[in-house]
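Here is the structure we will look at.
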Amino acid sequence: MAEITFDDFLAVDIRVGTVIRAEPYPEARKPALKLWIDFGPEIGEKRTSAQITVHYDPETIVGKQVMAVVNFPPRQIGKFMSEVLTLGFADENGAIVLAGPDYAVPNGARMH
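Taken in order, the sequence shown gives residues 1259 to 1370; the numbers are from our numbering.
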């Protein structure tokens, strides 16, 4: 993997937000959820789709704080416009586990 500079890292704006709404996304090529995430007053509410259906469902993910890259341009995912990239890690079977803080932090807090 290529090395990056600290300035490269600073260019990626990773923030925490709270999932305020979630819906199944049956039209997606792979099983996914549509998420609406509140990133606080500076950034506001953003939408994304995520292939996280193995570990999460719409009823239980609402209220969870997650980390996302908020400064990528919007990307069309099927019929849904994704505005942020929610971050996670693959478990031993390849299913995504979302990244988030261990303790509650203010929505919109930037990763350091």
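Each residue gets a CB set at the ideal place from its N, CA and C atoms; glycine is no exception. None of the values given here were measured: they were computed from a predicted structure.
Margin query: Going by DSSP in three states, residue 1345 sits in which element: helix, strand or coil?
Written below: As a working note, residue 1345 is residue 87 in the sequence shown. In this structure, residue 1345 counts as coil in the three-state DSSP scheme.
CB-CB under 8 Å to residue 1287, same chain, minus the five flanking residues each way: which ones, in chain order?
Sequence index remark: in the sequence shown, residue 1287 carries index 29 (1-based). Once the five neighbours on either side are set aside, the close Cβ partners of residue 1287 are 1336.
Delimiting residues of the alpha helix (DSSP H) encompassing residue 1269: Reading the sequence shown from its first residue, position 11 is the one you call residue 1269. Per DSSP, residue 1269 belongs to the alpha helix (DSSP H) from 1264-1269.
* Run through DSSP, which three-state label would residue 1282 get? -> Stepping through the sequence shown from its first residue, residue 1282 is reached at position 24. Strand at residue 1282.
Nearest to residue 1276 by alpha carbon, out of 1268, 1341, 1326 and 1270?
By 1-based counting over the sequence shown, the position of residue 1276 is 18. Distance from the Cα of residue 1276 is smallest, within the candidate group 1268, 1341, 1326 and 1270, for 1326.
Checklist entry - When the Cβ atoms of the region 1339-1354 are set against those of the region 1296-1308, are three or more pairs found closer than 8 Å? => result They touch, by the three-pair rule.
Exercise. Do you know whose CA, among 1291, 1368 and 1369, lies nearest residue 1317's CA?
Worked result: Position 59 of the sequence shown, counting from 1, holds the residue named residue 1317. Distance from the Cα of residue 1317 is smallest, within the candidate group 1291, 1368 and 1369, for 1291.
(Q) Which same chain residues end up closer than 7 Å to residue 1348 when comparing Cβ atoms and leaving out the 5 residues on each side of it in sequence? (A) In the sequence shown, counting from the first residue as 1, residue 1348 sits at position 90. Within the same chain, residue 1348 has close Cβ partners 1354.
Can you give me the Cβ contacts of residue 1282 inside the same chain, cut-off strictly under 7 Å, excluding the 5 residues immediately before and after it?
Translated into the one-based positions of the sequence shown, residue 1282 becomes position 24. Excluding positions up to five away in sequence, the list reads 1291 and 1316.
**Request:** Mind checking who residue 1335 pairs with in its DSSP beta bridge?
**Result:** By 1-based counting over the sequence shown, the position of residue 1335 is 77. Note: residue 1335 sits in a beta bridge opposite 1338.
By DSSP, does residue 1366 sit in helix, in strand, or in coil? In the sequence shown, counting from the first residue as 1, residue 1366 sits at position 108. DSSP, read as helix, strand or coil, puts residue 1366 in coil.
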